[in-house]
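Residue numbers (our numbering), protein chains in the order written: chain A, 252 to 450; chain B, 2 to 396. From the three backbone atoms N, C-alpha and C, an ideal C-beta is built for every residue, glycine too. Step one of this worksheet: look at the structure below.
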Amino acid sequence: MKKLIWFTTVSILFLVFVVPAILALGIKLIPGEDQPGYDPNFRLSIYWTRVVKQQFVSKDSNLSAIATSIRNPNLKNKEEIVFTLFDSEMHKIRETIINGENVEDGNFTKFYFDTIPDSKDKTYFFTLSSLNAGPEETIEVFYSDNMPDWIVQFTYDENEKKGGLPIVLYYKPESSVVVIKDIYSSLFSRLLFPNYQKP
Amino acid sequence: MKKLLFLAIALRILVSIFIFHPDIKTYNFQSSFLKKGVFNIYNYLVENKKNLPLKDDFVYFPLTYFALGGYQAAVAPLVGSGFDSWLADAGTNSTVGNPHIFKYLLALKLPYLVLDIAIAFLLMLFFENEKDKKKAFVYWLFNPFTIVLIYVYSNVDIFPVILTLLGFLQIKKQKMFPAAFLLGLASGFKLYPLLFIPFLFLTGRNLKEKILLAATPLVTFVLIVLPFVSPAFIQSALVSGLTTGIFTSEFTTLGLSLLFFYALLMDKHINLFNYWVFVFLIVFSFTLFHIQWLLWLAPFLVILAVKKPNLSSLIFLFSLAAVVIPLLYQDRFMTISLFRIYSTWFDNLPTPFSVITKFYDTDNLRSVVHSFLAGGSLVMMFKVFKQDFVEGKNS
C-alpha cells in the first residue's frame with residue numbers, strides 16, 4: 252500500500268507540475284495576441300488578380316508565421332494560395348505557397364516562413380493571392396475596419412481601407428526555458444494575485 | 002489515517018484548480034438556471050437557444066440538474082458576483098484567462114470531493130476486518146485513475162456512482178428493495194444502473210418478488226423523469242449518444258445476453274456484485290466508451306481488488322488500458338487542452354492522436370489496446386466465476 256500511495260502522489264504531482272513543462276518543450280511558436288473578432292458576413296474573395304494586401308506592425312522580434320481564417324466553400328479551390336511578405340519599402344522578403352486542397356472551409360490557416368529576427372516594431376505588408384483559381388474556385392478571407400492598431404490597413408480592388416484581416420502573428424521563442432518560465436510565472440502570478448493579468 | 006486523508010484531499014485540490022475540462026462549465030451553466038426558477042431545463046434550453054451564449058443541450062437526467070443547480074444556489078454568496086457571467090462566457094480564451102478561475106473550479110468540484118471522500122468511507126463498510134477496510138480506503142483514495150476521472154474530466158457521474166455503492170451496501174445486508182430503489186434513484190442522474198434490472202429480477206425468490214424487484218428501479222426512474230417528458234427531453238437526454246451509446250456495439254449486446262442467460266440457466270448462487278462488475282467489464286470491452294463512464298465501475302473494482310488480491314495487479318493494468326483508450330481519440334480536450342489554464346500556447350501543439358499518426362495508425366493502436374482490455378477482462382471474469390464456484394463448493 253505504501254508503494255501505491257507514493258506512486259499516486261508522485262503521479263499527480265507529475266501531472267500538475269511537470270507535464271505542462273514537458274508540453275511546453277514542444278511549443279515552437281508563440282502567438283502575439285488572440286485573433287481579433289470579426290463579422291463573418293464581411294468577406295473578400297480571392298481569385299485571379301483579385302489580391303488582398305494587408306499592412307501591419309510586428310510587435311515583437313522573431314516573426315515566423317502569420318495566420319488567418321480562410322473560407323474555401325465546398326473545398327473547390329485546389330490551386331496554389333500564395334502568401335508573400337514585404338518589408339515597409341515593398342521589397343519581397345518571404346513567400347509561402349500552400350495548396351487549396353489543404354485548406355478546409357473556415358480553417359484557421361498558418362503561413363510559416365523563415366524567422367525574421369529583427370521584426371520588432373517594424374511595418375510589413377503581405378499579399379494573399381490564388382492566381383490560378385477562377386471565380387468558381389474562390390477562397391474568402393474576413394475583414395473588419397475595427398481592428399487593433401497594429402493591423403493598420405488593407406487594399407482590395409484598388410481600394411485602401413482601415414483595419415483588415417483578423418490575423419495572428421507568431422514568434423519563435425528565444426528558448427524552451429524562456430517559454431517554461433513564462434508559463435509558470437504567469438500561472439503562479441494569477442494564482443497568488445487574482446488581479447494579475449498576463450502582459 | 003488523518004494524514005492520508007489530508008494528503009488525498011491536497012492532491013485532489015491541486016488537480017481541481019489547475020486542470021480544466023470545459024464540460025464542467027457547460028453543464029453548470031445549464032444548471033445555473035435553477036437559481037432563476039427554471040424547472041424544466043430541457044424545454045427552456047430548446048426554447049431559448051438563440052439567446053443563450055452556450056447552445057448545447059442538457060444531456061443528463063433531471064437529478065443532475067437539481068443536484069448541481071441546488072448546490073450552486075447554496076454557494077452563490079461565496080463564489081462572488083462574477084461567477085455566473087464566467088459560466089456564461091463563451092470565449093475559450095477569456096474563460097481560462099479569468100483571474101478567479103481557480104476559485105471557480107474549486108467551487109464547482111467541491112461536491113465531487115465530498116462524495117469522493119464519502120465513497121472511501123463507504124467502501125470500508127464492505128469489509129469486516131480492519132486490514133481490508135484500510136486497504137479499500139487506500140486503494141480508493143490513492144489510485145491515480147479515480148483522481149483523473151473525477152477531477153480532470155469533471156465527472157458528474159460520481160452522483161449515481163455513490164448511489165449504486167449505497168445500493169450494494171443494502172444488497173450486502175440482503176435488503177433488496179432499498180437496493181433496487183437506490184439503483185432507480187441513481188438512474189435519475191444517469192441511465193446506466195437500469196442495465197442491471199434483469200439481474201435484480203433473477204434474485205427474487207418467487208415471481209411476484211422478481212417482478213417487484215425489477216419494477217422498483219424502473220418505477221423510481223419513471224417517476225423522476227415523468228414531469229420532464231417532452232420532445233426536448235427525449236432528444237436531449239433519453240436518446241442522446243450518452244444514453245444509447247452502450248448499445249452501438251452488437252458485441253456488447255451479445256455479451257450482456259450471454260451473461261444474463263448464464264445467470265438464468267446455469268448459476269444457482271447468483272452473486273449480484275460479480276454480475277454488476279461483469280456487466281460493465283463487458284460494456285467497456287466492446288463499446289466506444291466515454292472516459293467518464295469508467296467511474297461507474299471504479300469503486301467496485303476496489304472491492305474486487307481487496308477481496309481477491311491475486312487480481313489487483315491485473316485490475317491496475319486493465320484500468321490503465323481503459324484510461325488510455327479514450328486518450329487516443331482525436332479530441333484536444335482529452336489531452337492537450339486540459340492544460341489551457343497554464344497557457345493557451347498549448348493550442349499550437351498537436352494531439353497525441355496526430356503525433357502517433359505520424360508513425361503508426363492511431364485508430365489501429367486504439368483497437369489493439371481495446372482488444373487487450375476485452376481479452377483480459379473476459380479471462381478475469383472467467384477466473385472470478387471459477388474461484389467463486391470452487392469456494393462455494395468447498396464451503
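I342/B bridges to which residues according to DSSP?
Numbered from its first residue, the second sequence carries residue 342/B at position 341. None; I342/B has no bridge partner.
What is the DSSP secondary structure of R322/A, counted as helix, strand or coil?
Walking along the first sequence from the start, residue 322/A turns up at place 71. Note: R322/A maps to strand in three-state DSSP.
Taking C-beta to C-beta, are S320/B and S378/B nearer than 8 Å?
Along the second sequence, read from residue 1 onward, the residue named residue 320/B stands at position 319. Along the second sequence, read from residue 1 onward, the residue named residue 378/B stands at position 377. Against a cut-off of 8 Å, the Cβ pair of S378/B and S320/B comes out as no contact.
Nearest CA to the CA of T147/B: which residue from T65/B, T336/B, A299/B?
Within the second sequence, residue 147/B is the residue found at index 146, counting from 1. Closest option to T147/B, Cα to Cα, is A299/B.
Can you look up L289/B in the DSSP assignment and give me helix, strand or coil?
By 1-based counting over the second sequence, the position of residue 289/B is 288. Coil.
If you follow the alpha helix (DSSP H) that R345/A is in, where does it begin and where does it stop?
Against the first sequence, residue 345/A aligns to sequence position 94. Per DSSP, R345/A belongs to no alpha helix (DSSP H); it is in the beta strand (DSSP E), 343–350.
Name the chain A residues that come within less than 8 Å of V16/B, Cβ to Cβ?
Counting from 1 along the second sequence, the entry for residue 16/B is found at position 15. I263, L266, V267, listed in chain order.
With 16 as the cutoff for other CB atoms within 10 Å, does H342/A come out buried or exposed?
Here residue 342/A refers to the residue found at position 91 of the first sequence. Label assigned to H342/A: exposed.
Near I316/B, what residues of its chain come up, given a Cβ to Cβ distance below 6 Å and the 5 sequence neighbours on each side ignored?
As a first step, residue 316/B is located in the second sequence; it is residue number 315 there, counting from the start. Cβ neighbours of I316/B beyond the five flanking positions: L302, A306.
Measure the C-alpha to C-alpha separation of G415/A and S86/B and round it to an integer number of angstroms.
For the purposes of this step, residue 415/A is taken as residue 164 along the first sequence, with counting starting at 1. For the purposes of this step, residue 86/B is taken as residue 85 along the second sequence, with counting starting at 1. C-alpha separation (whole angstroms): 31 Å.
Report yes if the CB atom of Y421/A is closer than 8 Å to the CB atom of L280/A, and no otherwise.
Counting from one through the first sequence, the residue named residue 421/A turns up at place 170. Counting from one through the first sequence, the residue named residue 280/A turns up at place 29. Yes. Within cutoff.
Let me check one thing: in DSSP terms, what residues is Y154/B bridge-paired to?
For this step, residue 154/B is matched to residue 153 along the second sequence. Note: Y154/B sits in no beta bridge, so no partner.
Please list the partners that T260/A has in chain B, where partner means a Cβ-to-Cβ separation under 7 Å.
In the first sequence, the residue the question calls residue 260/A occupies position 9. Correct list: L8, L12.
Please state the DSSP three-state secondary structure of P450/A.
For the purposes of this step, residue 450/A is taken as the residue at position 199 of the first sequence. Caution applies to P450/A, whose pLDDT of 46 falls short of 50 and renders its modelled position unreliable; the value that the coordinates give is listed next. Looking at P450/A - three-state DSSP - the assignment turns out to be coil, as it is neither helix nor strand.
Could you check whether E330/A and E388/A sit closer than 8 Å to each other, using their CB atoms as the reference points?
Counting from one through the first sequence, the residue named residue 388/A turns up at place 137. Counting from one through the first sequence, the residue named residue 330/A turns up at place 79. Yes, they are a contact pair.
Does DSSP put D365/A in a helix, a strand or coil?
Residue mapping note: residue 365/A aligns to position 114 of the first sequence, counting from 1. Looking at D365/A - three-state DSSP - the assignment turns out to be strand.
Looking at chain A, is there any beta carbon in it that lies within less than 8 Å of the beta carbon of K136/B?
Working through the second sequence from its first residue, we reach residue 136/B at position 135. For K136/B, the answer is yes, since a Cβ of chain A falls inside 8 Å of its Cβ.
Going along the segment 281–293 of chain A in order, which residues come within less than 8 Å of chain B, judged by CB to CB distance?
Within the segment 281–293 of chain A, the residues whose Cβ lies closer than 8 Å to some Cβ of chain B are I281, P282, D285, listed in chain order.
Within the 8 Å Cβ cut-off, does G277/A reach chain B?
Here residue 277/A is taken as the residue at index 26 of the first sequence, counted from 1. Yes - at least one Cβ of chain B is within 8 Å of the one on G277/A.
Distance cutoff 8 Å, beta carbons only. Does I256/A sit that close to anything in chain B?
Residue mapping note: residue 256/A aligns to position 5 of the first sequence, counting from 1. By this cut-off, I256/A is an interface position.
Residues in the same chain with beta-carbon distance under 7 Å from M398/A, minus the five sequence neighbours each way, listed in chain order, please.
Position 147 of the first sequence, counted from the first residue, corresponds to residue 398/A. Closer than 7 Å at the Cβ level, and outside the excluded window around M398/A, lie P287, G414, G415.
Under 9 Å between beta-carbons, which chain B residues line up against L442/A? List them in chain order, please.
Translated into positions along the first sequence, residue 442/A becomes position 191. Going along chain B in sequence order, the residues near L442/A (Cβ under 9 Å) are I18, F19, F103.
Going by C-alpha to C-alpha distance, which of F347/B, N275/B, F373/B, A233/B sits closest to V385/B?
To locate residue 385/B, count along the second sequence from 1; it is residue 384. It is N275/B.
So, does the segment 348–361 of chain B touch the segment 321–336 of chain B, judging by three or more C-beta pairs under 8 Å?
Flag = yes, the segment 348–361 of chain B and the segment 321–336 of chain B touch.
Mapping DSSP to helix, strand and coil, what is S426/A?
Translated into positions along the first sequence, residue 426/A becomes position 175. If DSSP states are grouped into helix, strand and coil, S426/A belongs with coil.
Can you check whether the CB of L318/B is closer than 8 Å to the CB of D158/B?
Position 157 of the second sequence, counting from 1, holds the residue named residue 158/B. Position 317 of the second sequence, counting from 1, holds the residue named residue 318/B. Taking 8 Å as the Cβ cut-off, D158/B and L318/B do not qualify as a contacting pair.
Using beta-carbon positions only, say whether A108/B and V153/B come within less than 8 Å of one another.
Within the second sequence, the letter at position 107 stands for residue 108/B. Within the second sequence, the letter at position 152 stands for residue 153/B. No, the pair does not count as a contact, with Cβ atoms beyond the cut-off.
Since L214/B and G205/B should fall inside the 8 Å C-beta cutoff, what is the C-beta to C-beta distance between them, to a whole number of angstroms?
The residue you call residue 214/B lines up with position 213 of the second sequence. The residue you call residue 205/B lines up with position 204 of the second sequence. About 5 Å separates the two Cβ atoms, so the contact holds.
Would you please verify whether the beta carbon of F386/B is less than 8 Å from any beta carbon of chain A?
As a working note, residue 386/B is residue 385 in the second sequence. No, because no Cβ of chain A sits closer than 8 Å to the Cβ of F386/B.
For a cutoff of 8 Å on Cβ pairs, would you count M252/A as touching chain B?
The count along the first sequence starts at 1 and reaches residue 252/A at position 1. Output row for M252/A: interface = yes.
Under the three-state reduction of DSSP, which class applies to Y298/A: helix, strand or coil?
What you label residue 298/A is simply residue 47 of the first sequence in a count that begins at 1. Looking at Y298/A - three-state DSSP - the assignment turns out to be strand.
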